[in-house]
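K.L.:
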Amino acid sequence: MLVLQRKIGQSIYIGEDIKITIQDISSDKVKISIEAPKEVTIVREELKLATMNNLEALSSSGDSVALLKKMFDK
């Protein structure tokens, strides 16, 4: 993991075409801007985790339905 310190207005690049700029810093928040090609998906971590949890719950509920169906078919 790379850890960097930046000041307001300073930027970092990821690869050739993703630019992250520090816009504002308050006591417990940092506001950033991200410039990236349209084909690059940018998602907040909590939304990605929620999506993964929902997909996991969906797939496990399908297994549960199949198991219940087997039980009732006997």
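Numbering (our numbering), first residue to last: 87 to 160.
Virtual Cβ for every residue (Gly too), placed ideally from N, Cα, C.
1. Mapping the DSSP letters down to three states, classify Asp-110 as helix, strand or coil.
2. Apart from the five residues on each side of it in sequence, which residues of its chain come closer than 6 Å, Cβ to Cβ, to Asp-110?
3. Quick check on the DSSP output: the beta strand (DSSP E) that includes Lys-115 runs from which residue to which?
4. So, are the CB atoms of Ile-104 and Ala-122 less than 8 Å apart?
5. Please list, in chain order, all residues of the same chain as Ile-98 whose beta carbon is under 7 Å from its beta carbon, the five residues on each side excluded.
P.N.:
Concretely, from the data shown:
1. strand
2. Lys-117
3. No beta strand (DSSP E) contains Lys-115, which DSSP labels as neither H nor E.
4. yes
5. Leu-90, Arg-92 and Ile-106
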